[in-house]
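Single-structure report; data block below.
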Amino acid sequence: MVGRWDVSFEEWRALLHLFRAEDVALSTESEQRLLHLGLINQGDGTGLSAAGRTLIEHELLLERRNRLQH
Numbered sequence: 667m668v669g670r671w672d673v674s675f676e677e678w679r680a681l682l683h684l685f686r687a688e689d690v691a692l693s694t695e696s697e698q699r700l701l702h703l704g705l706i707n708q709g710d711g712t713g714l715s716a717a718g719r720t721l722i723e724h725e726l727l728l729e730r731r732n733r734l735q736h
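Residues 667 to 736 in our numbering are what the sequence shown spells out, letter by letter.
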């Protein structure tokens with residue numbers, strides 16, 4: 667499974683923007699990497715795949731849990 671640390675900071679920010687249904691400009695290289703990792707889909711524009719959405723939701727949940735514990 668692909669994890670948070672498999673993508674660069676810029677790619678992670680782009681995934682978060684897509685998660686929030688915001689427009690994002692990806693470089694061709696980043697777009698190809700995220701497509702290869704299965705985190706985005708291309709059709710009528712770029713959008714998160716099911717795997718991308720699951721990754722974002724999982725990481726956001728972990729962040730919330732960590733904040734609540736400290």
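Using N, Cα and C, we set each Cβ at its ideal position, and we do this for glycine too. Note that the structure is a prediction, hence the values are computed from the model and not measured.
- Between V668 and L701, the C-beta spacing is not below 8 Å.
- The straight-line gap separating the alpha-carbon atoms of L714 and R733 is approximately 26 Å.
- Check the Cα spacing between D710 and each of L721, R699, G718 and D689: the tightest is with D689.
- For W671 and W678, the gap between their C-alpha atoms comes out near 9 Å.
- DSSP, read as helix, strand or coil, puts G718 in helix.
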